[in-house]
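Residue numbers (my numbering): 1145 to 1703.
First up is the structure itself, then whatever we jot down about it.
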Amino acid sequence: MCEISIMVHRVAVIGAGPSGLTSVKACLDEGMVPTCFESSNDMGGLWKFKEVSEPNRASIYRSLTINISKEMMCFSDLPIPADYPNYMHHSKILKYFRMYADHFKLLKHIRFQTVVKSVRQRPDFSRTGQWEVVTEDKDGHEESHVFDAVICCSGHYTYPNLPLKDFPGIETFEGKYFHSWDYKGPEDMYGKRVVVIGIGNSGGDIAVEGSRVAEQVYMSTRRGAWVVRQVVDNGLPLDMKYNTRIVHILFQLLPINFFNWMVEKRLNTMYDHTMYALKPTHRFFSQIPVINDDLPFRILSGAVIVKPNVKEIRGSTVVFDDGSMVEKVDTIVFATGYNYGFPYLPSSVMHKSGQRVGLYKHVFPPNLEHPTLAIVGFIHAFGAIMPQAEMQARWATRVFKGYKKLPSNQAMIKAVEKDTRDIEKNYFVSKLTPLEVDFVSYMDDLAGDIGVRPNLLWLFFTDFPLFKRVLWGPMTAYQYRLTGPGKWEGSRRAIFTQFDRMYQPLKTRQLDAQHSSTSGHLMKLSLTVVTIGAAIYYVHARNPTTIPNFLSKLHLPSV
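This is the structure:
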């Protein structure tokens, strides 16, 4: 790869979902001029609900509520309003994205109802790194544009996977079948017998919602799943309780099987996954779990019955792998995931690695002469996509501007192949879910490249109250605005007030505040001491020279 000595000024951003919006802002922050092409008449991407699903667009159901809490999903320099609920309905999420676009004046850079037909390298790409982007407006008029760089933000919930060939006899089915992409609500399930194939988050939601009106819902799963609750100890959101730096540090220090055992034991204490016929064939941290508070109760009440994989279909009868069958089935819902692709890009641009599109740090194709094409938002982790996409966009635009140099093509391809091996070793991957990363590690890696990763050792000596919250508190994106390029003066306050915003929508009835006990304070102090020790050991183990070098720079007064 040539070092980028070309000037990047005009950038095309494809898609005005959350990844597209944060990419437009990242371009503006670096002094570039973005043009965002959005095929629909509104922003929001996946989160823009429509009563009828549109081809080549993501689709959601009417009741969808996100399973990531608001503090963990918001962008790093605009907290979600304090009075918004912690787990938001899709209409609230869309409202926040509009608020984000208005606050940072992004709308004037978006061209709605404009479809990107093709993105091709210009004949002089070797010299300029430029791209030709062909678009079509709502009236069918095509237009050709030249851009210095392109950011693709078209997502990966666009092309439903409907593997009918894997279900012999589907052509004989006498009822109605459809993909979860087409599901909008349970209206057509009243009094029906329904089979939901697939036990991901969509399959779980549809089974639960349908079971409230259907005669009976059956959920078919090939491998099973671990099911976790959104509400955990003391009523806190799951991610604010456990997605923390100290937990991440412990993961680096202790064997992963210890954590698998610990989490699985705790989940089985709440509801035995074997007894509920949910127990999967994989360990807990090998695949993102199903997040659903209602599913265990619907199983316990008999409204949802868990079944093995479908073997065949005979008219209105569904036969399962164990020989059992369900008769008089009216509806089959295929919650069987999504295919992914970038049909507007030439196939030669994308590097294939295993079952996935091979991207350097999951952003840059490693085989281009100039790094002027980035994929943002094509990532999968046990964490919100919004802060990950934001970090990707911040890094990509720094690369476009030449502030960050990428390795050679050969080195990047080697890194991509290593990533693929690591992913296949640590996670259960397939054609439909070929990519998974550790949320904290990935965010910190990109943040280190940008120069915005928080320095725990420095915070320990210079701002201990902030150090405690960064280490012990939830891994909110505000941490990546404390220092470096894009520093936001409000980030420290946002970190200190993140639990205030979590509590705010729950303050609907005035009660006397509870006061912490002395034993509680002592417990917190003990945990803090242990945490500090673990953090220092973690830093020293990863880089033995860091602490001595840091201490040598401190000018302590002599006694």
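Where is the CB? At the ideal position from N, CA and C, for every residue including glycine.
Since the model is a prediction, treat every value here as computed from it, not as a measurement.
Ala1559 and Gln1623 have their C-alpha atoms roughly 27 angstroms apart.
One Cα belongs to Phe1608, the other to Val1454, and the distance between them is close to 56 angstroms. The closest CA to that of Val1339, considering only Lys1309, Ser1364, Gln1532 and Val1352, is found on Ser1364. In this structure, Gly1348 is the residue among Thr1689, Gly1634 and Gly1348 with its C-alpha nearest to the C-alpha of Asn1211. In the structure shown, Asn1230 adopts coil according to DSSP, grouped into three states. Taking a cut-off of 8 angstroms for Cβ pairs, the segment 1649 to 1657 and the segment 1564 to 1583 do not touch, as fewer than three such pairs fall below it.
Its chain contains His1392 as the residues whose beta carbon lies nearer than 8 angstroms to that of Ser1585, once the 5 sequence neighbours on both sides are disregarded; these appear in chain order. Annotated as proximal: Ala1479 and Ile1350, with beta-carbon spacing under 8 angstroms.
In this structure, DSSP gives Trp1325 a helical state, which the three-state scheme calls helix. Met1187 and Phe1605 have their C-alpha atoms some 44 angstroms from each other. Under the three-state reduction of DSSP output, Val1434 falls in the strand class.
Between Ile1435 and Gln1374, the gap from beta carbon to beta carbon is short of 8 angstroms.
In this structure, Val1263 lies near Val1294, with their beta-carbon atoms less than 8 angstroms apart. The Cβ atoms of Gly1161 and Leu1190 sit closer than 8 angstroms to each other. In the displayed model, Ala1421 falls within coil according to three-state DSSP, outside both helix and strand. Around Pro1433, the same chain offers Ala1369, Trp1370, Val1371 and Val1372 as residues with beta carbons nearer than 7 angstroms, after the five sequence neighbours per side are excluded.
Only exposed fits His1285, as fewer than 16 other CB atoms lie within 10 angstroms of its CB. Every unbroken stretch of the alpha helix (DSSP H) spanning 4 or more residues and falling wholly within the segment 1397 to 1421 is given here in chain order: 1400 to 1414. Assignment of alpha helix (DSSP H) within the segment 1517 to 1556, counting only whole runs of 4 or more residues, yields 1529 to 1544 in chain order. With a threshold of 16 other beta carbon atoms within 10 Å, Phe1402 falls short and is exposed. The three-state reading of DSSP puts Gly1459 in coil, since its state is none of H, G, I, E or B.
Scanning the segment 1171 to 1243 for uninterrupted alpha helix (DSSP H) segments of 4 residues or longer gives 1214 to 1217, listed from N- to C-terminal end. With fewer than 16 other Cβ atoms inside 10 Å of its own Cβ, Asn1200 counts as exposed. As DSSP reads the structure, Gln1360 sits in a beta bridge with Arg1337. Excluding its 5 nearest sequence neighbours in each direction, Gly1313 has C-beta neighbours in its own chain below 6 angstroms: Glu1456, Ile1457 and Arg1458, listed in chain order. Residue pairing by DSSP puts Phe1464 in a beta bridge opposite Val1454. In summary, Asn1387 is buried, with 16 or more beta-carbon neighbours lying within 10 Å of its beta-carbon over all protein chains present.
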